[in-house]
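Notes follow once the structure below has been shown.
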Amino acid sequence: AASLLCNGATAGDGEFSIIGLPDTQNYSEAFPQVFMSQTSWVANQIANLDVRFVTHYGDIVDNADVDGEWLNADEAMRVLDATPVPQGVTSGNHDITPSGAPGQPYIPQNYLNYFGPSRYVGRPYFQTASPSGMSTWQLFDGGDREFIGLSVECETPLAELAWAQGVLDRHRDKAVVFTTHRYMQ
């Protein structure tokens, strides 16, 4: 897990942490205990590090069409679900294609089933999702300032970018943590 400490100059009242979970695909596939250790560590550090937001960078699983990998990821992320800390998740190329390789069929169904908006609806930090459900935004407190966690789909299609821009346009008074898995290819 990566941690970003934000100091008082950004938030206004001291340091807090934002945790990033990058590319857990190999853990979901072959080492679920490592993924569980990561999320357990985050959950155990919430008070110590004053964790205000957790964002997953995508590639949650290695093979989007393998149910067992999604089950492993779901179990590990439920550790974070049991905490009050706001979280966001974005898809990676491995989450929306059979193996993440270029030219493969787009299969977002498992991503949407396990980590789509329905997982987060009703949580106080969750705001809305794009019409496709592949991008979401959350609100979280960073001291005396509200932040937006904006999680957008891998290789962000134009419709997702337009949706995200609409969120930003409506909330110009808030700082943004923008998370996507890959956008330059």
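Heads up: the sequence shown begins at 34 in the working numbering, then just goes up one per residue.
Ideal Cβ positions, reconstructed from N, Cα and C, are used throughout, including at glycine.
Values in this document were obtained by computation on a predicted structure and should not be read as measured data.
task = Give every residue of the same chain whose Cβ lies closer than 7 Å to the Cβ of D174, excluding the five residues on either side of it in the sequence, and list them in chain order.
result = By 1-based counting over the sequence shown, the position of residue 174 is 141. Correct list, in chain order: R85.
message = Within 8 Å, do at least three Cβ pairs link the segment 131–139 to the segment 170–190?
response = no
request  = Go through its chain and collect everything with a Cβ distance to M1's Cβ below 7 Å, but skip five positions before and after it.
outcome  = In the structure displayed, the chain extends from 34 to 218; residue 1 sits before or after that span and is not available.
message = My output table needs one value for G41: the three-state DSSP class, helix, strand or coil.
response = Position 8 of the sequence shown, counted from the first residue, corresponds to residue 41. Only weak support is given to the placement of G41: the predicted model assigns it a pLDDT of 35, under 50, and the value that follows is read from those uncertain coordinates. In this structure, G41 counts as helix in the three-state DSSP scheme.
Helix, strand or coil at E179 [DSSP, three-state] = Here the question's residue 179 lines up with position 146 in the sequence shown. E179: strand per DSSP, three-state reduction.
request  = Would you list the residues sitting across from A195 in a DSSP beta bridge?
outcome  = Taking the first residue of the sequence shown as position 1, residue 195 is located at position 162. Paired residues: none, contrary to the question.
task = Between the Cα of Q66 and those of Q142, V112, P141, V185, spot the shortest distance and give me the residue it belongs to.
result = Position 33 of the sequence shown, counting from 1, holds the residue named residue 66. Considering only alpha carbons, the answer is V112.
key: Same chain only: Cβ atoms within 6 Å of Y153, ignoring 5 sequence neighbours per side   = Working through the sequence shown from its first residue, we reach residue 153 at position 120. The residues are F159.
key: Contact the segment 79–97 vs the segment 121–130: 3+ CB pairs below 8 Å   = yes
task = Give the straight-line distance between the Cα atoms of P117 and G101, rounded to the nearest whole angstrom.
result = Locating residue 117 in the sequence shown gives position 84, where the first residue counts as 1. Locating residue 101 in the sequence shown gives position 68, where the first residue counts as 1. Roughly 27 Å separates the two Cα atoms.
query = What did DSSP end up calling V154 once you bin it into helix, strand or coil?
reply = Position 121 of the sequence shown, counted from the start, is the residue given in the question as residue 154. Three-state DSSP puts V154 in coil, outside helix and strand.
message = Helix, strand or coil, according to DSSP, for A142 in the structure here?
response = For the purposes of this step, residue 142 is taken as residue 109 along the sequence shown, with counting starting at 1. Inspection of the sequence shows that residue 142 is occupied by Gln rather than by Ala. The answer is helix: DSSP assigns Q142 an H, G or I state.
key: Distance between A80 and N146 (C-alpha atoms, nearest Å)   = The sequence position of residue 146 within the sequence shown is 113, counting from 1. The sequence position of residue 80 within the sequence shown is 47, counting from 1. When rounded, the distance between both Cα atoms is 31 Å.
query = Is S168 near E193, with beta carbons less than 8 Å apart?
reply = Indexing the sequence shown from 1 puts residue 168 at position 135. Indexing the sequence shown from 1 puts residue 193 at position 160. Yes; because the gap between Cβ atoms is below 8 Å, this pair is in contact.
query = Thinking just about the alpha-carbon of each residue, which of E62, F148, H127, L183 is nearest to the one in Y139?
reply = Position 106 of the sequence shown, counting from 1, holds the residue named residue 139. Comparing Cα positions, the closest option is H127.
message = By the three-class DSSP mapping on this structure, what secondary structure does S36 have?
response = By 1-based counting over the sequence shown, the position of residue 36 is 3. Annotation note: pLDDT 46 at S36 (below 50); position unreliable, coordinate value reported separately. Note: S36 maps to strand in three-state DSSP.
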